[in-house]
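Novice: What follows is a structure written as structure tokens; I'll ask about it next.
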Amino acid sequence: MAKPIHLLLLALTALVPSLPVSGASLQAAAGAGWPSPSGRFFFGFYATDGGLAVGIWLATAPNVTVTWTIDRNFTPATGGTLQITDDGRLLWAGANGQEYRNLAVPPQPAVAGAMRDDGNFVLYGADGAVVWSTFEAPRDTLLPGQQLGPGAQLFSSISDTNRATGKYRLVNQLNDGNIVMYSVQTPNVAAAAYWDTSTRVGRAATIALVCIGIMTCASIAALLAATRLFWASRRAVHRRLADADAEGLDALDEEAPLRSYRYKELEQATCSFREPLGRGAFGTVFRGSLHNGQTAIAVKRLEKVVEEGEREFQREVRAIGRTNHRNLVRLLGFCQEGANRLLVYEYMSNGSLAERLFVNRGGCGGGSGLPYPPSWGERMGIALDVARGLHYLHDELERRVIHCDVKPQNILMDASGTAKIADFGLAKLMLPDQTRTFTGVRGTRGYLAPEWYRDSGPLTVKADVYSYGVVLLETVTCRRSMELEEAGEDRTLMELAHEWLVGGEAKLVMASDEAVDASEVERAVKVALWCAQVEPQARPAMRTVILMLEGHLAVPFPPPPASS
Numbered sequence: 001m002a003k004p005i006h007l008l009l010l011a012l013t014a015l016v017p018s019l020p021v022s023g024a025s026l027q028a029a030a031g032a033g034w035p036s037p038s039g040r041f042f043f044g045f046y047a048t049d050g051g052l053a054v055g056i057w058l059a060t061a062p063n064v065t066v067t068w069t070i071d072r073n074f075t076p077a078t079g080g081t082l083q084i085t086d087d088g089r090l091l092w093a094g095a096n097g098q099e100y101r102n103l104a105v106p107p108q109p110a111v112a113g114a115m116r117d118d119g120n121f122v123l124y125g126a127d128g129a130v131v132w133s134t135f136e137a138p139r140d141t142l143l144p145g146q147q148l149g150p151g152a153q154l155f156s157s158i159s160d161t162n163r164a165t166g167k168y169r170l171v172n173q174l175n176d177g178n179i180v181m182y183s184v185q186t187p188n189v190a191a192a193a194y195w196d197t198s199t200r201v202g203r204a205a206t207i208a209l210v211c212i213g214i215m216t217c218a219s220i221a222a223l224l225a226a227t228r229l230f231w232a233s234r235r236a237v238h239r240r241l242a243d244a245d246a247e248g249l250d251a252l253d254e255e256a257p258l259r260s261y262r263y264k265e266l267e268q269a270t271c272s273f274r275e276p277l278g279r280g281a282f283g284t285v286f287r288g289s290l291h292n293g294q295t296a297i298a299v300k301r302l303e304k305v306v307e308e309g310e311r312e313f314q315r316e317v318r319a320i321g322r323t324n325h326r327n328l329v330r331l332l333g334f335c336q337e338g339a340n341r342l343l344v345y346e347y348m349s350n351g352s353l354a355e356r357l358f359v360n361r362g363g364c365g366g367g368s369g370l371p372y373p374p375s376w377g378e379r380m381g382i383a384l385d386v387a388r389g390l391h392y393l394h395d396e397l398e399r400r401v402i403h404c405d406v407k408p409q410n411i412l413m414d415a416s417g418t419a420k421i422a423d424f425g426l427a428k429l430m431l432p433d434q435t436r437t438f439t440g441v442r443g444t445r446g447y448l449a450p451e452w453y454r455d456s457g458p459l460t461v462k463a464d465v466y467s468y469g470v471v472l473l474e475t476v477t478c479r480r481s482m483e484l485e486e487a488g489e490d491r492t493l494m495e496l497a498h499e500w501l502v503g504g505e506a507k508l509v510m511a512s513d514e515a516v517d518a519s520e521v522e523r524a525v526k527v528a529l530w531c532a533q534v535e536p537q538a539r540p541a542m543r544t545v546i547l548m549l550e551g552h553l554a555v556p557f558p559p560p561p562a563s564s
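Each residue of the sequence shown is one higher than the one before, starting from 1 at the first, in UniProt numbering.
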């Protein structure tokens, strides 16, 4: 006679054909997972920055939507298997079969697990009761039927490709049922609230917190009808969100709150603008500090005529104030007092990419304290940082942003060496239904796409892709794009790179003879050349650039590049 545990497993597997049971395993690979009965949700391995993570995703075409990650701050890894052990644990075992990491240790041993169609992955005990479930541990998303209980909170993710804990948290307050958004590092006090409902929620709700500090609140009925979250109406961040209609959807406005500074505050913070860091579009950037010297800042003082400066000021505030990405320099606040127009940014302590690549080749780049040149791995990390920042501007905002002046001087390095895109002074916002915008010729010679010179014709995000291609080649080679022309040669660095690539010796275009795999150099040079094609439609989107640089997509041999 079969043991009760076997009868239980037989009954469960009849209901859920893909049910993982004790002893079963799942080989680690991107997209490998145990599906729900309908195939809508999967529990298993998904690709993330740097390797694989374990979680749940909604199988939406063409991309997947991650709804839950088992340990968001765990360093991604590769290889091994996912399994329910004989003693009832959910385990990620190493490739050598040894225990690598416990993912779940239920209070009672689990004998089986199931990915349900509601997006909940559960583990069952020998008596058939659920002993562990993902719904009990929400991360950054709530699904229909899942509740954010009293005192529970959601934490934002860093980005759509990095599910590590971000900067914001959404709390269902224990004392009053008020739903409040705080910065991760602030206490649960009214003065620190980033946003709140000022209501007592008396119905089930689905709440998703995304990386830029904007939340979506929808009724379960609306979410079930729509399957995915959409923004229907918007309100300013500090306004109160009224109870949503049972059939409707409410969300916060795209305008993120920025601190408004008095001119005298910034004058004192910069010691009367004594220490310039450099010149940007329409103004000079000065070093400063706030909070008795505890917080370093960079203050950009707009210096052009009032009319031009006003347009520039409004453009930057609107564009940057809505963005929050690890690869974009963060705007902290502004000053609009009389004729004074100033922008306050986070301070980037390690200078610009131009300084790292081209300045002081005998020692440390630009006095940043970081060695010259950056290693190959560092340079490729920088290239990916910039690509992710541009992808965010082009594809992840409700209104696309064209930077218009992508160059090494506008790529700054923070204390940890992360690259961030700076100076949105030339950025042009696009309306939601726009793919093109008309504007006068801007930017910097050597980085300008050919369409800039075509009677100031239609401009798309592909102009930024061209500029990125030039920056990528400079980053690969540690050579300035214009150095050949300035030396009197009749060809560009791009053209030289293509010649070497045709000859099968792409590595020779590099300024140094560092030990780097030739295939890696060839891949990066190919991507740069594709980005620098004459026709905008021939250039890849930044998402494709990222996939090619990471090795997830093959890179075809490119035609000759355009000349700027």
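We put the beta carbon where it would ideally sit given N, CA and C, even for glycine.
Counting Cβ pairs closer than 8 Å, one from the region 503–515 and one from the region 446–454, do we hit at least three?
Specialist: Verdict: no, contact absent.
Novice: Can you tell me the Cα-Cα spacing of Val180 and Tyr168, whole angstroms?
Specialist: Going from the Cα of Val180 to the Cα of Tyr168 covers about 10 Å.
Novice: When you compare the region 524–535 with the region 391–411, are there three or more beta-carbon pairs, one atom per stretch, that lie closer than 8 Å?
Specialist: Touching, no, given that fewer than three Cβ pairs across the two stretches are closer than 8 Å.
Novice: Would you mind sorting Gln83 into buried or exposed? The rule is 16 or more other CB atoms within 10 Å of its CB.
Specialist: It is buried - the Cβ of Gln83 has at least 16 other Cβ atoms within 10 Å.
Novice: What are the start and end residues of each continuous beta strand (DSSP E) run of 3 or more residues lying completely inside the UniProt domain "Bulb-type lectin" (19–136), in chain order?
Specialist: 25–27, 33–35, 41–48, 51–58, 65–69, 81–84, 90–93, 99–104, 112–115, 121–124, 130–133, all fully within the UniProt domain "Bulb-type lectin" (19–136).
Novice: Is it buried or exposed for Arg163, if we count other Cβ within 10 angstroms and need 16 for buried?
Specialist: Result: buried.
Novice: Any chance the region 472–486 sits against the region 551–559, with 3 or more Cβ pairs inside 8 Å?
Specialist: No, the region 472–486 does not touch the region 551–559.
Novice: Under three-state DSSP, which class holds Val516?
Specialist: The answer is coil: DSSP assigns Val516 none of H, G, I, E or B.
Novice: Check Glu550 in the structure and name its three-state DSSP category.
Specialist: The answer is coil: DSSP assigns Glu550 none of H, G, I, E or B.
Novice: For Thr492, report the span of its beta strand (DSSP E) as first-last.
Specialist: That residue, Thr492, is in no beta strand (DSSP E); it is neither H nor E in DSSP.
Novice: Does the structure place the region 43–59 close enough to the region 146–166 that three or more beta carbon pairs sit under 8 Å?
Specialist: At 8 Å Cβ cutoff, the stretches touch.
Novice: Report buried or exposed for Ser36, applying the criterion of at least 16 other Cβ atoms within 10 angstroms of its Cβ.
Specialist: Flag for Ser36 reads buried.
Novice: Please confirm if the region 63–72 is in contact with the region 129–147, defined as three or more CB-CB distances below 8 Å between the two stretches.
Specialist: A contact exists between the region 63–72 and the region 129–147.
Novice: Can you name, in chain order, every residue of its own chain whose Cβ lies under 7 Å from the Cβ of Thr391, other than the five neighbours on each side?
Specialist: The displayed chain sequence assigns His, not Thr, to residue 391. Excluding residues within five positions, the ones whose Cβ falls inside 7 Å are Met542, Arg543, Ile546.
Novice: According to DSSP, Ala419 sits in a beta bridge with which residue or residues?
Specialist: According to DSSP, which records beta bridges pairwise, Ala419 is partnered with Met413.
Novice: For Val476, which option in Gly446, Glu485, Ala518, Leu484 has the closest C-alpha, if you only look at C-alpha atoms?
Specialist: Considering only alpha carbons, the answer is Ala518.
Novice: Please confirm whether Pro276 and Ala354 have their CB atoms less than 7 Å apart.
Specialist: No, the pair does not count as a contact, with Cβ atoms beyond the cut-off.
Novice: Using CA coordinates, which residue listed in Met115, Pro144, Ala28, Arg274 is at the minimum distance from Thr81?
Specialist: For the residues Met115, Pro144, Ala28, Arg274, the minimum Cα distance to Thr81 belongs to Ala28.
Novice: Is DSSP giving Gly288 helix, strand or coil here?
Specialist: Reduced to three states, the DSSP call for Gly288 is strand.
Novice: By DSSP, does Thr444 sit in helix, in strand, or in coil?
Specialist: Coil, per DSSP.
Novice: Could you tell me if Gln146 is buried or exposed, where buried requires 16 or more neighbouring beta carbons within 10 angstroms of its beta carbon?
Specialist: Flag for Gln146 reads buried.
Novice: Comparing alpha-carbon positions, which option in Val131, Leu91, Tyr100 lies nearest Pro107?
Specialist: That would be Val131, whose Cα lies nearest to the Cα of Pro107.
Novice: According to DSSP, simplified to helix, strand and coil, what is Glu275?
Specialist: Looking at Glu275 - three-state DSSP - the assignment turns out to be coil, as it is neither helix nor strand.
Novice: Go ahead and pull the three-state DSSP assignment for Lys407.
Specialist: Correct three-state label for Lys407: coil.
Novice: Between Asn102 and the rest of its own chain, which residues show a CB-CB distance below 7 Å, the 5 nearest in sequence each way excluded?
Specialist: Same-chain partners within the cutoff: Arg89, Leu91.
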